[in-house]
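In short: position in the sequence shown from 1, add 23, done, that's the working numbering.
Using N, Cα and C, we set each Cβ at its ideal position, and we do this for glycine too.
Some notes on the structure that comes next.
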Amino acid sequence: MDTLSALTEFFRKDTDANVADYEAVAEACCQRKGDVTFFPVQWLRERLQEQDAELSQRSVFAVRLVEALGNVIEVEPGGIRKGPGVPPPVQRRMAAQVRASDGPLSAFLLRRSPNESWLRHLSPRQQAVPGHTDPQDQLRNVKFLLQESRKKVSELHRCVARLNAEAETQAAIISTLQESNDMLELDLAEGCEKAPEIQMTLRQLTQSKTAAEDRVSSLQEKLQAYEEYTAERVLELEEEVSKLEAKVSGRAGVKPSFQALFEARAQDWVHERQELERRIEEASSFERRADEDDMICQCCMERVKRVKLDCGHAMCKGCAENPGVRVCPFCRKPLRVAVML
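Rendered as structure tokens:
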């Protein structure tokens, strides 16, 4: 079981454990790496928040120190080694406090960054270490705390300035959104006024589309019927030709008159087939011309119809955008709504 699991299990079973129990669990859960012991931090923080009873001097010092450092305490036999970021007066007070205690916290090796301002977390009780009341040390400590306080004040001023700038930005965004909302409300009101005309235009377009689909369906049915008739006629002619060829091949001596009749009949079949193909081509061409005539603008006779007017007529985009066209050129009704096809 690792350190965190052991501590969790212990405090789950007995939340009223005294200080001695906490220290026993801490000693049991220390993780050793060679000659260095890593003291668990999480349980000290939790105990500092939950424990209201008076703790022993050693426990108070350990808890406050871990809270200030916010990291792992490395316990190493042989005393404290001078580490970066820990002022010398504080190191002397820590060494004096450690020498006054016993147990697994007999020596500490502290490794922190130079910018760590953990001294402000120490309470007056931990700062007032017996036997170390040097005025110079106290003055340096006060200056250190004053410097940290000034840094905090500067940081607070920067935070206030940043919050004010964000508030101004939010106010500008709110104003822009309000203007957009007003414009949308105006557009909505205008759209509600034009809704009946748009609906009428849509109904007309739907009717025109339905009529065009019906016409296309009718032409397709006629074309299919004509193709079926042509196919049947071709089969009949092919069968007749096969019969004639069989008769000709069965008789060695064919009279010249019969041969001439066969050739004439074959020529008629060729002409009839060509006539059927011509009619099919004319039907297809007629359908294409009808579609093209329906799509050509009747105003300029050049471009394709792209705009549907509210009166039901259609014209190309160029004619519709002509500023001189104010009324429909077909029914003379005023132009109000135009829909792109």
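Does DSSP put P346 in a helix, a strand or coil?
Looking at P346 - three-state DSSP - the assignment turns out to be coil, as it is neither helix nor strand.
Can you tell me which residues form a DSSP beta bridge with I319?
V327
Would you list the one or two residues that DSSP bridges to M363?
V330
Should L284 be labelled buried (16 or more other beta-carbon atoms within 10 Å of its own) or exposed?
exposed
Just the Cα atoms here: how many angstroms apart are L179 and N164?
23 angstroms
On the three-pair Cβ rule with 8 angstroms, is the region 320-335 touching the region 343-352?
Yes, since at least three Cβ pairs between the region 320-335 and the region 343-352 fall closer than 8 angstroms, the two stretches touch.
Using only the alpha-carbon positions, how far apart do E255 and P357 sit?
55 angstroms
With a threshold of 8 angstroms, are at least 3 pairs of Cβ atoms found where one atom belongs to the region 287-295 and the other to the region 240-255?
no
Confirm, please, whether the CB-CB distance from R359 to C339 is below 8 angstroms.
no
Out of Q243, I221 and A212, point me to the one whose CA is closest to L332's CA.
The shortest Cα separation from L332 among Q243, I221 and A212 belongs to I221.
Could you tell me which residues DSSP puts in a beta bridge with M223?
Answer by DSSP bridge pairing: none, since M223 is not bridged.
Tell me, please, which residues DSSP counts as bridged to P357.
V350
Using CA coordinates, which residue listed in M363, C334 and V362 is at the minimum distance from P352?
C334
Can you say whether G101 is buried or exposed, counting buried as having 16 or more other CB atoms within 10 angstroms of its CB?
The predicted position of G101 is uncertain, since its pLDDT is 39 and thus under 50; no value can be drawn from it.
Return the CA-CA distance between I303 and D237, expressed in angstroms with no decimal places.
21 angstroms
Can you check DSSP and say which residues form a bridge with M338?
V330
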